[in-house]
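J.: Once you've had a glance at the structure underneath, I'll fire off some questions.
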Amino acid sequence: MGDYQGPDAGETFVRSLYAEHGRSVLAYATRLTGDRAAAEDVVQETLVRAWKHADDLDQTKGSVRGWLLTVARNIVTDRARARAARPVEVAEVVDRPPIAGDHSESVVNTMVVLGALDQVSPEHREVLVELYYRGRSVAEAAKELGVPPGTVKSRSYYALRALRAVMAGPEEVAR
Numbered sequence: 047m048g049d050y051q052g053p054d055a056g057e058t059f060v061r062s063l064y065a066e067h068g069r070s071v072l073a074y075a076t077r078l079t080g081d082r083a084a085a086e087d088v089v090q091e092t093l094v095r096a097w098k099h100a101d102d103l104d105q106t107k108g109s110v111r112g113w114l115l116t117v118a119r120n121i122v123t124d125r126a127r128a129r130a131a132r133p134v135e136v137a138e139v140v141d142r143p144p145i146a147g148d149h150s151e152s153v154v155n156t157m158v159v160l161g162a163l164d165q166v167s168p169e170h171r172e173v174l175v176e177l178y179y180r181g182r183s184v185a186e187a188a189k190e191l192g193v194p195p196g197t198v199k200s201r202s203y204y205a206l207r208a209l210r211a212v213m214a215g216p217e218e219v220a221r
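Going by this note's numbering, the letters in the sequence shown line up with residues 47 to 221, in that order.
Structure follows, in structure tokens:
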């Protein structure tokens, strides 16, 4: 728990995680479950697991948010499997269809990339957005940004390097 010391360190750590990532994890869990109350339970259990693994989270190379979202997805999956494994009760009514496809990995990846994009320079970010998010060609991006095509190519090269460095974290860059 790094910066957190004393008897209330765990609670302080969990509060800081919730303050920083709680809304994202809740929105993600709500999309997965389709049920706000169930999603709140998932967030609570995710934070309990974060508290239990606080020392590991300090050592995590990747994103803490990514870890939290992966844990939330695993909790939702475990609960769905548990429901499927138990016999159906007579009075049980299925009020929503099962989750058709698990797109959670792409959601986590998108959130990680968006977080990394916030950490590169505005010039690099706008080139990446034009080329990869909006699907524009180099010539179209150059026209949209008001710069020569060669500048778009150069910025995209360095932008991708910067994005990789941000996503790899400081441990990988030092190698």
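All C-beta atoms, glycine included, are put in the ideal place defined by N, C-alpha and C.
1. How many angstroms separate the CA atom of A84 from the CA atom of D102?
2. Which one of R182, R129, M213 has the shortest CA to CA distance from K199?
3. Could you please give the first and the last residue of the uninterrupted alpha helix (DSSP H) stretch that includes Q90?
4. Does the distance from the CB of H170 to the CB of L114 come in under 9 Å?
5. Beta carbon of V193, beta carbon of R201: below 9 Å?
6. Looking at the structure shown, is S202 part of a helix, part of a strand, or coil, going by DSSP?
7. Under the assumption that A118 contacts V60 (Cβ atoms under 8 Å), give the Cβ distance between them as a whole number of angstroms.
8. Can you say whether A128 is buried or exposed, counting buried as having 16 or more other CB atoms within 10 angstroms of its CB?
9. Going straight from the alpha carbon of V184 to that of E172, what length do you get?
10. Any idea if L160 is buried or exposed, counting beta-carbon neighbours within 10 angstroms, 16 or more meaning buried?
11. Among the residues of its own chain, which have a CB less than 6 Å from the CB of P82, if the five just before and after it don't count?
12. Give me the Cα-Cα distance between K98 and G112, rounded to the nearest whole angstrom.
13. Would you tell me roughly how many angstroms separate the C-alpha atoms of A187 and R180, rounded to the nearest one?
14. To which residues of the same chain is Y203 closer than 7 Å at the C-beta, ignoring the five residues directly before and after it?
T.: Checking against the coordinates, here is how it stands:
1. 27 Å
2. R182
3. 82–98
4. no
5. yes
6. helix
7. With 8 Å as the limit, A118 and V60 do not qualify as a contact, their Cβ atoms being about 14 Å apart.
8. exposed
9. 12 Å
10. exposed
11. First, the residue type needs correcting, since residue 82 is Arg and not Pro in the sequence shown. Hits under 6 Å: T76.
12. 17 Å
13. 9 Å
14. none
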